[in-house]
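4 protein chains.
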Amino acid sequence: MSDTLTVKASRFVSVLPHCTVLGMTVLHGDENGVQMSLPYSEQIIGNPASGVVAGGSLTTLMDTACGTAVFVALPGNELCPTLDLRVDYMRAARPGSDLIAQATVVRVTTSVVFTRCDVYQEINGERKEVARCTANFMRIGKQIGGAA
Amino acid sequence: MSDTLTVKASRFVSVLPHCTVLGMTVLHGDENGVQMSLPYSEQIIGNPASGVVAGGSLTTLMDTACGTAVFVALPGNELCPTLDLRVDYMRAARPGSDLIAQATVVRVTTSVVFTRCDVYQEINGERKEVARCTANFMRIGKQIGGAA
Amino acid sequence: MSDTLTVKASRFVSVLPHCTVLGMTVLHGDENGVQMSLPYSEQIIGNPASGVVAGGSLTTLMDTACGTAVFVALPGNELCPTLDLRVDYMRAARPGSDLIAQATVVRVTTSVVFTRCDVYQEINGERKEVARCTANFMRIGKQIGGAA
Amino acid sequence: MSDTLTVKASRFVSVLPHCTVLGMTVLHGDENGVQMSLPYSEQIIGNPASGVVAGGSLTTLMDTACGTAVFVALPGNELCPTLDLRVDYMRAARPGSDLIAQATVVRVTTSVVFTRCDVYQEINGERKEVARCTANFMRIGKQIGGAA
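So the sequences go chain by chain: A, B, C and D. Counting from 1, one number per residue, gives the positions in the first sequence under the numbering used here. Counting from 149, one number per residue, gives the positions in the second sequence under the numbering used here. Counting from 297, one number per residue, gives the positions in the third sequence under the numbering used here. Counting from 445, one number per residue, gives the positions in the fourth sequence under the numbering used here.
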């Protein structure tokens, strides 16, 4: 079941242009959430002098991970636009190290899906929290293939 | 004074790679805030079928506009990383129409700068709110040229 | 019309126990928002040593003002629970001075109402921003009299 | 150590007037967070007809739990005002059942402490999420006894 959902998550992400450009990939997906990777590259740098990752790259990663988790958690191919999201930046990401996003579906109602996401790096075998996010998605009853 | 600050804002934005890629420009800047434009293009589309703008593009626009407003409002070249931001998406952006961001500096303290941003489109002479954002920035005492 | 809506707002607030306890009153209401007052009193103090107002009192004021603005902006007696809210505290409230909340309805859709609120004090004829809030409310189709 | 910190948490909460009025108590405290209880009572009801708990009561519970967790996690008696908080209401609280708040300190920096809180009820042996919160606190270097 989880393997099927990892495939479903990967398929969803593969058609998002910004994800392919940035090289985001799905590591794992199941009914509770997804884990994604954003490799360190020049394209996600916000400060050329320091090599520090742009906040916008992290936000895009988290928004994508939460949205993918929603898509995977719901049956069929239901598309839910982001209603709102809140991001906290907790630590400058370490240059050269990949970013891992762990998105969790916290609750599904008939009208809203509540999610959460943590982004971290593995530095010397230790997990370092970089940013976190809470995001809510609207269930508007659209399936992929129709206009969003 | 305002003209000087519009120039200061434009200079700040011109070195951010994602802004030049997306074609973001500063329309106006003064001590209270900045107005920026994100032209409609294929690069900001989230749903190829419908042409609807990606939420991530809007978030990037708002994060950039707020950050630029902070840079312009503070003396010198002080760099303040984003501490947190919250985004509400209120309406799907109309395909083909540019997006205008109006970012406002609400309050400056010795440790935090509070900002707000509204994104709208002009549709048939009417202002249509698309998204809004509140963002707080940390004053860490760094000047451009040092590592962020 | 506005007078009718001020009355509608006052009626709504009058049945909320915590509002009567704290002495919150409606100053004005119309289709765009409401203005409410929270008088300074011992009950809203968070720090007995300094007399500084508790953050929770401000949050309650803003949540109430936004919810009242939603109730007033919608026809009939539609009740919308809070979906989420975000509060930023910008300055310690001045002891002894009343707090004014200005809540605005930013957008009404069929499923969500978006609001914003600013809280300030008038100190020596100057408006001092104390806190701000964005809050979204769900339209669940309930009218007052039914169970919320 | 944990027992000492549970006592430190309880002492902190005992001087907050709104906590004693509402009957909030500390169940446990350690360096990672605190667990608090808000008993069901008439005072926390938002809708007299349905007996549903007021959103403001939940927000107060979460703000208090996060603030207490910060106080417990830091050495000495350092007081940190709330900088911002975001609350998501996920489910109407069940009348008659106590509310449990689990607040966690996610990261401590020299200027900000990042926290998170989940509120749930135990219904028939099952944990039901009611609301969640993320809150950031400023480290302004004040100790209890000084003015906040």
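Ideal placement from N, C-alpha and C gives every residue a C-beta, glycine not left out. Quantities reported herein were computed from a predicted structural model and do not represent experimental measurements.
query, result
"Same chain, Cβ closer than 6 angstroms to Ser-306 of chain C, neighbours up to 5 away in sequence not counted", "Val-322"
"Proximal residues of chain A, C-beta to C-beta of Met-534 of chain D below 9 angstroms", "Val-106, Arg-107, Thr-109, Val-112, Phe-114"
"8 angstroms Cβ cutoff met for Ala-397 of chain C and Ala-361 of chain C", "yes"
"Met-62 of chain A: first and last residue of the uninterrupted beta strand (DSSP E) it sits in", "Taken as a continuous stretch (DSSP letters only), Met-62 of chain A belongs to no beta strand (DSSP E), being part of the alpha helix (DSSP H) at 55-73."
"Contact set for Ser-407 of chain C: own chain, Cβ-Cβ below 8 angstroms, skip 5 residues either direction", "Met-434, Arg-435"
"Any non-hydrogen atom of the ligand SAH within 7 angstroms of Ala-537 of chain D CB", "The model depicted lacks the ligand SAH and carries no ligand whatsoever."
"Where Asp-246 of chain B falls: helix, strand or coil (DSSP)", "coil"
"Helix, strand or coil at Glu-78 of chain A according to DSSP, with G and I counted as helix", "strand"
"Closer than 8 angstroms to chain A by CB, Asp-359 of chain C", "no"
"Collapsed DSSP secondary structure at Met-238 of chain B in the structure displayed", "coil"
"Inter-stretch contact (C-beta, 8 angstroms, three-pair minimum) for the region 399-414 of chain C and the region 499-513 of chain D", "no"
"Ser-10 of chain A, DSSP secondary structure in three states", "helix"
"CA nearest to the CA of Gln-191 of chain B, picked from B:Ser-185, B:Met-184, B:Gly-199", "B:Gly-199"
"Val-21 of chain A burial status per 10 Å Cβ neighbour count (16 or more: buried)", "exposed"
"Opening and closing residue of the beta strand (DSSP E) in which Thr-257 of chain B lies", "Run containing Thr-257 of chain B: none; DSSP gives neither H nor E here."
"Element boundaries [alpha helix (DSSP H), containing Val-21 of chain A]", "17-22"
"N-terminal and C-terminal residue of the beta strand (DSSP E) that Asn-284 of chain B is part of", "274-286"
"Cutoff 8 angstroms: His-472 of chain D Cβ touching any chain C Cβ", "no"
"Thr-282 of chain B to Leu-381 of chain C span [Cα, whole Å]", "12 angstroms"
"Cys-117 of chain A versus A:Ser-41, A:Val-70, A:His-18, residue with shortest Cα-Cα distance", "A:Val-70"
"Contact between the region 224-233 of chain B and the region 177-190 of chain B (3+ Cβ pairs under 8 angstroms)", "no"
"Contact belief for Ala-241 of chain B with Val-278 of chain B at Cβ below 8 angstroms, rounded distance in angstroms", "5 angstroms"
"Residue from B:Ser-245, B:Ile-193, B:Val-256, B:Val-161 with nearest C-alpha to Asp-211 of chain B", "B:Val-161"
"Distance between Met-36 of chain A and Val-119 of chain A (C-alpha atoms, nearest Å)", "9 angstroms"
"Secondary structure of Glu-122 of chain A, DSSP reduced to three states", "strand"
"The region 500-532 of chain D: positions lying closer than 8 angstroms to chain B by Cβ", "Leu-527, Asp-528, Arg-530"
"Beta-ladder partner(s) of Gly-29 of chain A, from DSSP", "A:Val-34"
"Residue-level contact to chain A via CB, Arg-571 of chain D, 8 angstroms cutoff", "no"
"When C:Pro-371, C:Thr-405, C:Thr-355 are compared against Asp-384 of chain C, the one with the closest alpha-carbon", "C:Thr-355"
"Ala-350 of chain C at chain D interface by Cβ criterion, 8 angstroms", "yes"
"Cβ pair Asp-246 of chain B, Pro-187 of chain B closer than 8 angstroms", "yes"
"Beta-carbon proximity list for Cys-315 of chain C, same chain, < 7 angstroms, skipping 5 on both sides", "Val-309, Thr-360"
"Sequence-distant residues of the same chain with beta carbon closer than 6 angstroms to Leu-5 of chain A, five excluded per side", "Gly-29, Asp-30, Val-72"
"Backbone CA spacing between Val-552 of chain D and Gly-273 of chain B [nearest angstrom]", "49 angstroms"
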